[in-house]
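Engineer: Below you'll find the structure I mean.
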Amino acid sequence: MADSQFRPGPVAAQFARNGCHVIVARGELDLDTTADLAAALAKAAGEHGVVVLDLSAVTFADSALLNLLLHTHRATTLHIAAPHPRVVLLLEMTGADQVLHLFSTVDDACTSDPS
């Protein structure tokens, strides 16, 4: 996609940048709210070599998001950009921060070596 597509819900936008596909998530992500994000990540994983997930606007996350991140990480190169401090805490408490690729900004995530 050349232009951003902004919409309500947990998936705020999707766009291409520097050869990667960026998905911007927002709000509270739990079992009741991750379905749209899961669909967007699955589609992106099947179509793009690098998927960047911007989590800067995610204010709450639980094991549903953690499971989704790990599943997507196994399916494609997933870079997590600008995670909200609450998300960072979840990743650190579970050790997922040692497995997932975390970046300070979307630009850093898009320009990083995808390995």
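Quick note: my numbering has the sequence shown finishing at residue 100, numbered continuously throughout.
Built from N, CA and C at the ideal position, the CB exists for glycine as well.
(1) Assuming contact is defined by CB atoms lying nearer than 9 Å, are residue 53 and residue 22 in contact in what I supplied?
(2) Taking the beta carbon of residue 36 as the centre, do at least 16 other beta carbons fall within 10 Å, making it buried, or is it exposed?
(3) Which residues bound the beta strand (DSSP E) around residue -3?
(4) At 4 residues or longer, what runs of the alpha helix (DSSP H) sit wholly inside the region -3 to 67?
(5) Just how far apart, CA to CA, sit residue 45 and residue 82?
(6) Would you tell me roughly how many angstroms separate the C-alpha atoms of residue 4 and residue 98, rounded to the nearest one?
(7) Below 8 Å on the Cβ atoms is my contact criterion, and I expect residue -4 with residue 14 to pass it. Report the Cβ-Cβ distance as a whole number of Å.
(8) When the Cα atoms are used, what is the spatial distance from residue 39 to residue 89?
(9) Quick one: using the 10 Å Cβ neighbour count with 16 as the cut-off for buried, is residue 67 buried or exposed?
(10) Can you tell which of 77, 17, 86 and 7 has the C-alpha that lies nearest to the C-alpha of residue 27?
Structural biologist: On the basis of the data shown:
(1) For the purposes of this step, residue 53 is taken as the residue at position 68 of the sequence shown. For the purposes of this step, residue 22 is taken as the residue at position 37 of the sequence shown. Yes, they are a contact pair.
(2) Reading the sequence shown from its first residue, position 51 is the one you call residue 36. Buried, because 16 or more other Cβ atoms sit within 10 Å of the Cβ of residue 36.
(3) The sequence position of residue -3 within the sequence shown is 12, counting from 1. Per DSSP, residue -3 belongs to the beta strand (DSSP E) from -4 to 2.
(4) 20 to 32 and 48 to 60
(5) For the purposes of this step, residue 45 is taken as the residue at position 60 of the sequence shown. For the purposes of this step, residue 82 is taken as the residue at position 97 of the sequence shown. C-alpha separation (whole angstroms): 17 Å.
(6) For the purposes of this step, residue 4 is taken as the residue at position 19 of the sequence shown. For the purposes of this step, residue 98 is taken as the residue at position 113 of the sequence shown. One C-alpha to the other measures close to 11 Å.
(7) Stepping through the sequence shown from its first residue, residue -4 is reached at position 11. Stepping through the sequence shown from its first residue, residue 14 is reached at position 29. Incorrect: roughly 10 Å between the Cβ atoms, too far for contact.
(8) Walking along the sequence shown from the start, residue 39 turns up at place 54. Walking along the sequence shown from the start, residue 89 turns up at place 104. Spanning the two alpha carbons is a distance of roughly 10 Å.
(9) Working through the sequence shown from its first residue, we reach residue 67 at position 82. Buried is the call here.
(10) The residue you call residue 27 lines up with position 42 of the sequence shown. Checking every option, the nearest Cα to that of residue 27 belongs to 7.
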